[in-house]
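2 protein chains.
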Amino acid sequence: MIELAILGVLRESELHGYELKKRLREVMGPLSSVSFGSLYPALAKLEASGLVKAVDATTSTPMSVVPMTGALAGESAAFRAARRLATRGPRNKKVYGITEHGEARMAELISEPSDDERSFPLKLAFCRWCEPQVRLSLLRRRRQTLEDRLTERRRSLGARGERLDRYVRSLMEHDTESTELDIAWLDRLIEEETSA
Amino acid sequence: MIELAILGVLRESELHGYELKKRLREVMGPLSSVSFGSLYPALAKLEASGLVKAVDATTSTPMSVVPMTGALAGESAAFRAARRLATRGPRNKKVYGITEHGEARMAELISEPSDDERSFPLKLAFCRWCEPQVRLSLLRRRRQTLEDRLTERRRSLGARGERLDRYVRSLMEHDTESTELDIAWLDRLIEEETSA
DNA sequence: GTCATCATGTAAGCCGTTACATGATTGC
DNA sequence: GCAATCATGTAACGGCTTACATGATGAC
Chain A
5 MIELAILGVL RESELHGYEL KKRLREVMGP LSSVSFGSLY PALAKLEASG
55 LVKAVDATTS TPMSVVPMTG ALAGESAAFR AARRLATRGP RNKKVYGITE
105 HGEARMAELI SEPSDDERSF PLKLAFCRWC EPQVRLSLLR RRRQTLEDRL
155 TERRRSLGAR GERLDRYVRS LMEHDTESTE LDIAWLDRLI EEETSA
Chain B
5 MIELAILGVL RESELHGYEL KKRLREVMGP LSSVSFGSLY PALAKLEASG
55 LVKAVDATTS TPMSVVPMTG ALAGESAAFR AARRLATRGP RNKKVYGITE
105 HGEARMAELI SEPSDDERSF PLKLAFCRWC EPQVRLSLLR RRRQTLEDRL
155 TERRRSLGAR GERLDRYVRS LMEHDTESTE LDIAWLDRLI EEETSA
């Protein structure tokens, strides 16, 4: 889970742990944002496996050398990171970048059949990097999962739906509605994917 | 999490661990169904705290005494459990029931402010047992949580929405849509709650 | 008598958390 | 110089999972 999230964010730009955490919160939502206690060990593990590497930021450029244009609004996150890095020196920061091995691992993670509520959004968020057919099968796999759940739900609801508690029934009916919306959304994505 | 689920199911009928697991899967959905490895220790802990107790099923009624009507389809789960218990004897089974202390604990758990994706459905599923005002504040609290997330989402989407990856944007838009559906559903529940 | 199912547990491990410790840099 | 923030980590713990061990009961 956290592995794919880190790789995906690092693929966009090289970052150090602290900024990585901020970007992760943006991607994964304010909920389920990873904590430092899991982020740093995860990074260390990824580095040990060669999926990410610490990039050398040996430019000891003092601040005066960096031209301050005043047009800071347009800066990319990566550029800001680079500037701050140059300003502060690399001694106390570890800036990570994804390796080729890491990119291959990403493709592998996205292809994995597991399809739960947590992993799917993450996979979709980074699926631009993978091949169209992998992306398409991801969408179809997810659709099938939801479809299965829906028929299962309908079966158990039909069996003992009448004598169900009011709140439980409302919960189930809403879940069904919600899942149908999900499927319709996936259908749109699949349609766009196949037409292109 | 698992604590509330167990208490809630036991409140409907006295059960032993194995059947409890089956009922839990029905309530919590096929996903996130607890495993034995977590169920039994959880039950033991609940018993130690006095929230559930092992009910004595000392009725050594032999099977022949139980009349077999043939109309088995209409049996309740509780009755089936009782019959099977009488058939097999209590030696190898531990049938649990909720205590008064456990009922109080349930009310406490439902009142707790934590409101995440997992705990809310569980709370709602068992909220019939708690007082109307507690139930209402549960619904309102959840609604507020979703509303907050929605405004947060809109804020971050407005800031950098244009240059967002296609799939990430679709993900966010769908999440927004989905959350709006949730809120509308909660509004219906709240309306029903206040009108009665 | 044997196989599937029912039934209860324990052990090891994964994945993540909170809380704590440490120190550099910046702004005032 | 001092506080706030940036930055990196460690330690202890929690909750849940899979895999394993054990044995009773029922169907045939």
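Protein sequence lines correspond, in order, to chains A and B. Counted the way our numbering counts, the first sequence spans residues 5 to 200. Counted the way our numbering counts, the second sequence spans residues 5 to 200. Built from N, CA and C at the ideal position, the CB exists for glycine as well.
Three-state secondary structure assigned by DSSP to residue i
i      : result
B/G33  : coil
A/G41  : helix
B/G54  : coil
A/S199 : helix
A/R15  : helix
Same chain only: Cβ atoms within 6 Å of residue i, ignoring 5 sequence neighbours per side
i      : result
A/A82  : For A/A82, the predicted structure reports a pLDDT of 45, less than 50, and the residue's modelled location is therefore unreliable. A value from the coordinates is still provided. If we look at A/A82 and ignore the five residues flanking it on each side, its Cβ neighbours are S17.
A/A99  : Position check: residue 99 of chain A holds Val in this sequence, whereas Ala was assumed. The residues are E18, H20, V59, A61.
A/M110 : L11
Element boundaries [beta strand (DSSP E), containing residue i]
i     : result
B/V99 : 99-102
Through-space distance from residue j to residue i, alpha-carbon basis
i      : j      : result
B/A9   : A/E104 : 45 Å
A/T180 : A/E51  : 42 Å
A/T158 : A/I187 : What sits at residue 158 of chain A in the sequence shown is Arg, not Thr. Using only the alpha carbons, I get a separation of about 15 Å.
A/A200 : B/E121 : 35 Å
A/E116 : A/M5   : 12 Å
A/G41  : A/Q148 : 36 Å
B/S123 : B/C131 : 12 Å
A/D169 : A/L175 : 10 Å
A/K25  : A/K57  : 17 Å
B/L185 : A/I102 : 38 Å
B/L35  : A/E156 : 12 Å
A/R173 : B/W189 : 13 Å
B/W133 : B/S141 : 14 Å
A/R139 : A/S160 : 32 Å
A/P45  : A/V31  : 20 Å
A/A163 : B/S118 : 33 Å
A/Q137 : A/G33  : 27 Å
B/R192 : B/E135 : 19 Å
A/L47  : B/E196 : 50 Å
A/K49  : B/K49  : 35 Å
Beta-carbon contacts of residue i that lie in its chain and below 8 Å, excluding the five residues immediately before and after
i      : result
A/M72  : For A/M72, the predicted structure reports a pLDDT of 37, less than 50, and the residue's modelled location is therefore unreliable. A value from the coordinates is still provided. Closer than 8 Å at the Cβ level, and outside the excluded window around A/M72, lies no residue.
A/L207 : As shown, chain A starts at 5 and ends at 200. That puts residue 207 of chain A outside it, with no answer to give.
A/L113 : E7, L8, L11, K127
B/H178 : none
Delimiting residues of the alpha helix (DSSP H) encompassing residue i
i      : result
B/E166 : It is not in any alpha helix (DSSP H) - B/E166 carries neither H nor E in the DSSP assignment.
B/F124 : 123-129
B/V59  : No alpha helix (DSSP H) holds B/V59; DSSP gives it neither H nor E.
B/R132 : B/R132 -> no alpha helix (DSSP H), and no H or E assigned at all.
Inter-residue CB distance, residue i and residue j (contact presumed, cutoff 8 Å)
i      : j      : result
B/Y171 : A/L128 : 5 Å
B/L154 : B/T183 : 5 Å
A/E107 : A/R15  : 7 Å
Residues near residue i by beta carbon distance below 7 Å, same chain, minus five either side
i      : result
B/R144 : I194
B/E151 : I187
A/G54  : T103, H105
B/R146 : D119, F124, L190
Distance cut-off 7 Å: residue i Cβ against heavy atoms of the ligand FMN
i     : result
A/I10 : The ligand content of the structure shown is nil, which means the ligand FMN is not present either.
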